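According to the numbering used here, numbering within the sequence shown proceeds without interruption in unit steps and concludes at 150.
Following: one structure in structure tokens, then a few remarks.
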Amino acid sequence: MAGGERAGFVDGHLLGAIDIDGIANLADYVAHGPKSQRQFRAARFGNPQNPQTAEFLRRISPIGNVRRIVRPVLIVQGLAGCGARAADARQLAYLLRFYGDRVELLTAANASSDFTPRADRLAYRAAIAQFLLALKSQTAK
10 MAGGERAGFV DGHLLGAIDI DGIANLADYV AHGPKSQRQF RAARFGNPQN
60 PQTAEFLRRI SPIGNVRRIV RPVLIVQGLA GCGARAADAR QLAYLLRFYG
110 DRVELLTAAN ASSDFTPRAD RLAYRAAIAQ FLLALKSQTA K
């Protein structure tokens with residue numbers, strides 16, 4: 010399973026997840042996003058300035074469900090975009106490691122969510138291929 014936003018929640022039948030520029034913490038995503046998008050995000054997800062809404066957003070986010078994530082995860086995050094997203098990706102990786110899960114974090118300083126720089130895109134694709142091969146070799150044993 011690969012993708013953004015929901016890739017961190019993996020079913021027991023799946024081998025692993027690849028989280029590409031995903032949202033690790035919905036409360037931070039809404040509260041610390043670009044000013045031009047905050048109102049839209051608050052309407053879509055809820056206003057994190059309301060303490061109950063902020064707690065709900067954290068609870069349904071990957072950060073709030075780290076103990077339920079039991080499969081290996083590759084987190085791919087560009088650092089040139091929103092700083093909160095990069096910080097949340099690092100925090101998610103740290104928490105997964107803390108609870109003993111296998112996690113790999115690939116960051117690219119010059120890339121945002123689209124990994125436009127060619128060197129970053131090649132590194133990102135190589136990391137995904139290596140991660141998938143490792144998952145495949147685990148099932149072959």
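We put the CB at the ideal spot given by N, CA and C, even for glycine.
Computed from a prediction, not measured in an experiment: that's the story for all the values here.
Open item on the list: Among the candidates 48, 50, 102, 43, whose CA atom is the shortest distance from the CA of residue 73?
Closed with: Counting from 1 along the sequence shown, the entry for residue 73 is found at position 64. Of the listed residues, the one whose Cα sits closest to residue 73 is 102.
Open item on the list: Would residue 79 and residue 28 be called neighbours here (beta carbons separated by less than 8 angstroms)?
Closed with: The residue labelled residue 79 in the question sits at position 70 within the sequence shown. The residue labelled residue 28 in the question sits at position 19 within the sequence shown. Against a cut-off of 8 angstroms, the Cβ pair of residue 28 and residue 79 comes out as no contact.
TODO: Can you check DSSP and say which residues form a bridge with residue 1?
DONE: With the chain represented from 10 up to 150, any question about residue 1 goes unanswered, as that position is not in the structure.
Task: C-alpha gap between residue 144 and residue 24, whole angstroms - done: Taking the first residue of the sequence shown as 1, we reach residue 144 at position 135. Taking the first residue of the sequence shown as 1, we reach residue 24 at position 15. Cα to Cα, the separation comes out at about 6 angstroms.
- [ ] Entirely within the region 97 to 128 and at least 3 residues each: give me those beta strand (DSSP E) ranges in chain order.
- [x] 112 to 117
Open item on the list: Please report the straight-line C-alpha distance between residue 119 and residue 130, rounded to a whole angstrom.
Closed with: For the purposes of this step, residue 119 is taken as residue 110 along the sequence shown, with counting starting at 1. For the purposes of this step, residue 130 is taken as residue 121 along the sequence shown, with counting starting at 1. Their backbone Cα atoms lie some 11 angstroms apart in a straight line.
Task: Beta carbon of residue 39 nearer than 8 angstroms to that of residue 60 - done: Position 30 of the sequence shown, counted from the start, is the residue given in the question as residue 39. Position 51 of the sequence shown, counted from the start, is the residue given in the question as residue 60. Against a cut-off of 8 angstroms, the Cβ pair of residue 60 and residue 39 comes out as no contact.
TODO: In angstroms with no decimal places, state the Cα-to-Cα distance between residue 67 and residue 31.
DONE: Mapped onto the sequence shown, residue 67 falls at position 58. Mapped onto the sequence shown, residue 31 falls at position 22. Between residue 67 and residue 31, the C-alpha separation is close to 14 angstroms.
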